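Visitor:
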Ligand SMILES: Nc1nc2c(ncn2[C@@H]2O[C@H](COP(=O)(O)OP(=O)(O)OP(=O)(O)O)[C@@H](O)[C@H]2O)c(=O)[nH]1
Ligand SMILES: Nc1nc2c(ncn2[C@@H]2O[C@H](COP(=O)(O)OP(=O)(O)OP(=O)(O)O)[C@@H](O)[C@H]2O)c(=O)[nH]1
Ligand SMILES: [Mg+2]
Ligand SMILES: [Mg+2]
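Chains as they are written, first to last, in this note's numbering: chain A, 54 to 343; chain B, 6 to 280.
This is the structure:
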């Protein structure tokens, strides 16, 4: 892992004075660690560039503990890029907030629509969910069952047009005093023009306040492309990283955060309704940097 | 592409970035670039360099293509982590065997845990007009699969049984133990291990795919891989590291959400996607 790599590089220094070229070598190791953790190579390069400026300043080169100082700089810069503190979503009671859940196929949208509903309902909000996934076999049924099993409200419909369903659910939510409406959309590719246009049409019709990008934390380099395209077309306001109960390093988190510039809101840590925690940037730093 | 003619350092950097972005992994990229520089001393043209590169990678992948041609009476077990495309691929495999191999196929709904998992597979069975062995949600997956295998063998009205299973994170000991039990159940019911054990890998997965393959390999010695979602922008570069490390052949690429969207894995088509 990174600590071991850096320890080995540092051992080569053997008490000699720290030089800019040594810092270069250390940063090369950091870059490799980031790439192995699935951080996108452009995001890794720009991260290293920022760290380099901080790590080759006069203070560092004169320091008696340069190794520790560089590690600290890397760590701090990392947490800074991730969004220093945990961000809490704060919908308001009495006013409808609409969440539109989007992302690639199989990323965990339906599961996290239910988890979000549970999260907000437990906090005292009146929550309604709706699935507009008319494509995937039994997708609407999946959300319905998740809601029924967990005491959550789901908007029942037999519609076949996502935008129309979204409109009906929005009207119902407004009319019946819901604080939150969560729209579960179908998995879609960022290069599928028609589907991306559909997501935009849903946003317009349902007046979505929050566009939440759900990303599989095991995703590789492609997470950067996904984040960029979804953000450009839909303006992501937050993301959820799923399946963090696996041993994935989760570098996609850094890529998504850096590219979408939207906060990482939650971490999915299992299949159960309660398996979702507020995202902690420092914990993610530990995980990615090892 | 030709605009890079003459600037070799620039061309090599561009190639390195392409390989990294394809999820080949930094160490593998270093190895490949090292060999490229040695074998392509005189080359300065991007197209010639990438041809050289393609042949290098194709050499690593030599033997990775494998055709699915099961004997009548075969049991195919499908496995993988959550959301990778197992259930959809089960439907695709059924369609492939029916239309390309002229076989009769039945399915077993081995995911009794996830909401609407059985309903999802039932709808696919309906579309394909084939039999689905299933029980109610919450039933023990082992007993559902036991009954399915027994009925499949006793009825003899189908050539192939494809068993769908629930997604399982490879580091979840309980779920991996459950999968061991499922394999034992199949052996007990069929008098043999599953003839094909297929591991499904999501094409958008990064380096973690190697951890997944490692654990599933130790647990069940997969007979083949299927890499899904190759219709996106992900390049599935982890297949190169995977084959080098584990030698598990690749059967198909998933290329969409319809049951026809399954393409036999071909090295040339795979490389074309990367370049
Ligand atoms: N272990 C684990 N599994 C998860 C997590 N989030 C989702 N899953 C599982 O991942 C699989 C896919 O989840 P879904 O919610 O169906 O994904 P989706 O994005 O709605 O899929 P599509 O609608 O087909 O695009 C299911 O088996 C879920 O139970 C998580 O945080 N941890
Ligand atoms: N674009 C694309 N989508 C795919 C492909 N294969 C599967 N999908 C989609 O990926 C999502 C998940 O597929 P499933 O078949 O439910 O995946 P799974 O592995 O069975 O999921 P769990 O049982 O929950 O673990 C669905 O939306 C599928 O339509 C593919 O090759 N390309
Ligand atoms: Mg869904
Ligand atoms: Mg499934």
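Where a beta carbon is used, it is the ideal one built from N, C-alpha and C, also for glycine.
Because the structure is a prediction, the values reported are computed rather than measured.
Would you kindly work out how many angstroms separate the C-alpha atoms of residue 235 (chain B) and residue 241 (chain B), rounded to a whole number?
Guide: On the second chain, position 230 is the one that residue 235 (chain B) refers to. On the second chain, position 236 is the one that residue 241 (chain B) refers to. Answer to the nearest angstrom: the Cα atoms are 7 Å apart.
Visitor: Using a Cβ-Cβ distance cut-off of 7 Å, determine whether residue 26 (chain B) contacts chain A.
Guide: Numbered from its first residue, the second chain carries residue 26 (chain B) at position 21. With 7 Å as the cut-off, residue 26 (chain B) counts as an interface residue toward chain A.
Visitor: For residue 259 (chain A), which residues of its own chain have a beta-carbon under 8 Å away from its beta-carbon, when the five flanking residues on both sides are left out?
Guide: Residue 259 (chain A) sits at position 206 when you count from the first residue of the first chain. Counting only Cβ-Cβ distances below 8 Å, and skipping sequence neighbours, we find 151, 153, 219, 220, 222, 223, 234, 236.
Visitor: Anyone know if the C-beta pair for residue 283 (chain A) and residue 307 (chain A) falls short of 7 Å?
Guide: Sequence index remark: in the first chain, residue 283 (chain A) carries index 230 (1-based). Sequence index remark: in the first chain, residue 307 (chain A) carries index 254 (1-based). Their beta carbons are not under 7 Å apart, which means residue 283 (chain A) does not touch residue 307 (chain A) by this criterion.
Visitor: What are the start and end residues of each continuous beta strand (DSSP E) run of 3 or more residues lying completely inside the segment 110-191 of chain B, in chain order?
Guide: Here the runs fully enclosed are 110-115, 165-170.
Visitor: Taking 6 Å as the cut-off, is the CB of residue 302 (chain A) close to at least one heavy atom of ligand 1?
Guide: Taking the first residue of the first chain as 1, we reach residue 302 (chain A) at position 249. The answer is no for residue 302 (chain A).
Visitor: Do you know offhand how far residue 194 (chain A)'s Cα is from residue 146 (chain B)'s?
Guide: By one-based count along the first chain, residue 194 (chain A) stands at place 141. By one-based count along the second chain, residue 146 (chain B) stands at place 141. Taking the straight line joining both Cα atoms gives about 21 Å.
Visitor: Determine, for residue 75 (chain B), whether the minimum Cβ-Cβ distance to residues of chain A falls below 7 Å.
Guide: Taking the first residue of the second chain as 1, we reach residue 75 (chain B) at position 70. No, residue 75 (chain B) lies away from the interface with chain A (no Cβ there is under 7 Å from its Cβ).
Visitor: Any contact of the segment 184-200 of chain B with the segment 89-109 of chain B, i.e. 3+ C-beta pairs under 8 Å?
Guide: At 8 Å Cβ cutoff, the stretches do not touch.
Visitor: Strictly closer than 7 Å from CB to any heavy atom of ligand 4: give me those residues in the order they appear in the chain.
Guide: Those residues, listed in chain order, are B:91, B:92, B:116, B:119, B:122, B:125, B:169, B:171, B:172.
Visitor: Closer than 7 Å by C-beta to residue 109 (chain A): which residues in its own chain qualify, once you throw out the five before and the five after it? Chain order, please.
Guide: Here residue 109 (chain A) refers to the residue found at position 56 when the first chain is read from its first residue. For residue 109 (chain A), where only same-chain residues beyond five positions count, the Cβ hits under 7 Å are 73, 76.
Visitor: Confirm, please, whether the CB-CB distance from residue 328 (chain A) to residue 296 (chain A) is below 7 Å.
Guide: Within the first chain, numbered from 1, the residue matching residue 296 (chain A) stands at position 243. Within the first chain, numbered from 1, the residue matching residue 328 (chain A) stands at position 275. Cβ atoms of residue 296 (chain A) and residue 328 (chain A): not closer than 7 Å.
Visitor: Nearest-angstrom Cα distance between residue 25 (chain B) and residue 65 (chain B)?
Guide: Residue mapping note: residue 25 (chain B) aligns to position 20 of the second chain, counting from 1. Residue mapping note: residue 65 (chain B) aligns to position 60 of the second chain, counting from 1. Between residue 25 (chain B) and residue 65 (chain B), the C-alpha separation is close to 17 Å.
Visitor: Check each residue of the segment 265-295 of chain A: if its Cβ is closer than 9 Å to any Cβ of chain B, include it; give the result in chain order.
Guide: Residues passing the 9 Å Cβ filter: 269, 270, 271, 272, 273, 274, 275, 276, 277, 278, 279, 282, 295.
Visitor: Do the segment 42-56 of chain B and the segment 122-131 of chain A meet, that is, are 3 or more Cβ pairs less than 8 Å apart?
Guide: Contact fails: fewer than three Cβ-Cβ distances are below 8 Å.
Visitor: How many angstroms separate the CA atom of residue 275 (chain A) from the CA atom of residue 50 (chain B)?
Guide: The residue labelled residue 275 (chain A) in the question sits at position 222 within the first chain. The residue labelled residue 50 (chain B) in the question sits at position 45 within the second chain. Taking the straight line from one Cα to the other gives about 28 Å.
Visitor: In chain A, which residues lie with their C-beta within 7 Å of the C-beta of residue 89 (chain B)?
Guide: Numbered from its first residue, the second chain carries residue 89 (chain B) at position 84. Going along chain A in sequence order, the residues near residue 89 (chain B) (Cβ under 7 Å) are 159.
Visitor: Between which residues of its own chain and residue 29 (chain B) is the CB-CB distance below 6 Å, once the five residues before and five after are set aside?
Guide: On the second chain, residue 29 (chain B) is found 24 positions in, with the first residue counted as 1. Hits under 6 Å: 242, 245.
Visitor: Which stretch, first to last residue, makes up the alpha helix (DSSP H) that contains residue 54 (chain B)?
Guide: Within the second chain, residue 54 (chain B) is the residue found at index 49, counting from 1. Counting along the chain, the alpha helix (DSSP H) containing residue 54 (chain B) begins and ends at 51-65.
Visitor: Tell me whether residue 70 (chain B) sits in a helix, a strand or coil according to DSSP, three-state version.
Guide: Translated into the one-based positions of the second chain, residue 70 (chain B) becomes position 65. Residue 70 (chain B) falls in the strand class under three-state DSSP.
Visitor: Relative to ligand 2, is the shortest distance from any of its heavy atoms to the C-beta of residue 189 (chain A) smaller than 6 Å?
Guide: Here residue 189 (chain A) refers to the residue found at position 136 when the first chain is read from its first residue. It does: the Cβ of residue 189 (chain A) is within 6 Å (strictly closer) of some heavy atom of ligand 2.
Visitor: Based on Cα-Cα distance, which residue from B:261, B:109, B:279, B:55 lies nearest to residue 157 (chain A)?
Guide: Start at 1 with the first residue of the first chain, and residue 157 (chain A) comes out as number 104. Out of B:261, B:109, B:279, B:55, B:261 has the C-alpha closest to the C-alpha of residue 157 (chain A).
Visitor: Show which residues of chain A have a CB atom less than 9 Å away from the CB atom of residue 22 (chain B).
Guide: Indexing the second chain from 1 puts residue 22 (chain B) at position 17. Going along chain A in sequence order, the residues near residue 22 (chain B) (Cβ under 9 Å) are 94, 95.
Visitor: Below 6 Å, is the gap between the Cβ of residue 160 (chain A) and the nearest heavy atom of ligand 1?
Guide: Taking the first residue of the first chain as 1, we reach residue 160 (chain A) at position 107. Checking every heavy atom of ligand 1 against the Cβ of residue 160 (chain A), one is found closer than 6 Å.
Visitor: Can you list, in chain order, the residues of the segment 314-327 of chain A whose Cβ is nearer than 9 Å to any Cβ on chain B?
Guide: From the segment 314-327 of chain A, only 323, 324 have a Cβ closer than 9 Å to chain B.
Visitor: Say whether chain A places a C-beta atom closer than 7 Å to the C-beta of residue 211 (chain B).
Guide: If you number the second chain from 1, residue 211 (chain B) lands on position 206. True, the Cβ-Cβ gap to chain A drops below 7 Å.
Visitor: Less than 7 Å between the C-beta atoms of residue 194 (chain B) and residue 155 (chain B), yes or no?
Guide: On the second chain, position 189 is the one that residue 194 (chain B) refers to. On the second chain, position 150 is the one that residue 155 (chain B) refers to. Contact flag set, yes.
Visitor: Pull up the DSSP beta-bridge partners for residue 265 (chain A), would you.
Guide: As a working note, residue 265 (chain A) is residue 212 in the first chain. DSSP, once it has assigned bridges, lists A:154, A:291 as partnering residue 265 (chain A).
Visitor: Can you check which of these residues, B:228, B:278, B:263, is closest to residue 81 (chain B) by C-alpha distance?
Guide: In the second chain, the residue the question calls residue 81 (chain B) occupies position 76. Of B:228, B:278, B:263, the residue nearest in Cα terms is B:228.
Visitor: Going by the CB atoms, is the gap between residue 227 (chain A) and residue 107 (chain A) shorter than 7 Å?
Guide: Start at 1 with the first residue of the first chain, and residue 107 (chain A) comes out as number 54. Start at 1 with the first residue of the first chain, and residue 227 (chain A) comes out as number 174. For residue 107 (chain A) and residue 227 (chain A), no; Cβs fall outside 7 Å.
Visitor: Is the Cβ-Cβ distance between residue 104 (chain B) and residue 136 (chain B) less than 7 Å?
Guide: Position 99 of the second chain holds residue 104 (chain B). Position 131 of the second chain holds residue 136 (chain B). Not a contact, by the Cβ cut-off of 7 Å.
Visitor: Counting C-beta neighbours from all protein chains within 10 Å, is the total for residue 255 (chain A) 16 or more, i.e. buried, or is it exposed?
Guide: As a working note, residue 255 (chain A) is residue 202 in the first chain. Label assigned to residue 255 (chain A): buried.
Visitor: If the cut is a Cβ gap below 9 Å, which residues of chain B does residue 244 (chain A) touch?
Guide: What you label residue 244 (chain A) is simply residue 191 of the first chain in a count that begins at 1. Simply 236, 237, 238.
Visitor: Can you tell me whether residue 244 (chain B) is helix, strand or coil according to DSSP?
Guide: By one-based count along the second chain, residue 244 (chain B) stands at place 239. If DSSP states are grouped into helix, strand and coil, residue 244 (chain B) belongs with the helices.
Visitor: How many angstroms separate the CA atom of residue 271 (chain B) from the CA atom of residue 338 (chain A)?
Guide: Residue 271 (chain B) sits at position 266 when you count from the first residue of the second chain. Residue 338 (chain A) sits at position 285 when you count from the first residue of the first chain. So the two alpha carbons sit approximately 39 Å from each other.
Visitor: Considering only residues of the same chain and omitting the five flanking positions on each side of residue 211 (chain B), which have a CB-CB separation below 8 Å?
Guide: Translated into positions along the second chain, residue 211 (chain B) becomes position 206. These residues qualify, in order along the chain: 28, 243.
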